[in-house]
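Sequential numbering from 0 applies to the sequence shown in numbering that gives the first Met the number 0.
Beneath this line is the structure, given in structure tokens, with notes to follow.
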Amino acid sequence: MSEFVTVLQGRVDRAHEDLAAARLAEREDDVDLHVARIKELLDLAERHGVDTATWIDRAELTAADAAR
Numbered sequence: 000m001s002e003f004v005t006v007l008q009g010r011v012d013r014a015h016e017d018l019a020a021a022r023l024a025e026r027e028d029d030v031d032l033h034v035a036r037i038k039e040l041l042d043l044a045e046r047h048g049v050d051t052a053t054w055i056d057r058a059e060l061t062a063a064d065a066a067r
């Protein structure tokens, strides 16, 4: 795995942890922020041909959109 992919996956993991904490604390503005960040990182990965299928359950991201 390249350094780019390793760093990118680490950022997705961190944002996912932050998302879980925001949900637990019921901070909806922060939930929105972290969902947007994760989507941005996944889009970046896709533009570079990185397979992110196992990184995160994308249903979590759409569930956050649907909850609004």
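Backbone N, C-alpha and C fix where the C-beta goes; we use that ideal spot for every residue, glycine too.
Check, Outcome
"To the nearest angstrom, report how far apart I55 and E45 are at their CA atoms.", "14 Å"
"Hey, would you say K38 sits closer than 8 Å to L18, going by beta carbons?", "no"
"In whole angstroms, what is the alpha-carbon distance linking V34 and H15?", "8 Å"
"Is the closest heavy atom of the ligand ATP to the C-beta of L18 under 7 Å?", "The ligand ATP is absent from the structure shown, which contains no ligand whatsoever."
"Looking at the secondary structure, which residues open and close the alpha helix (DSSP H) in which H39 lies?", "The sequence shown places Glu at residue 39, not His. Counting along the chain, the alpha helix (DSSP H) containing E39 begins and ends at 27-46."
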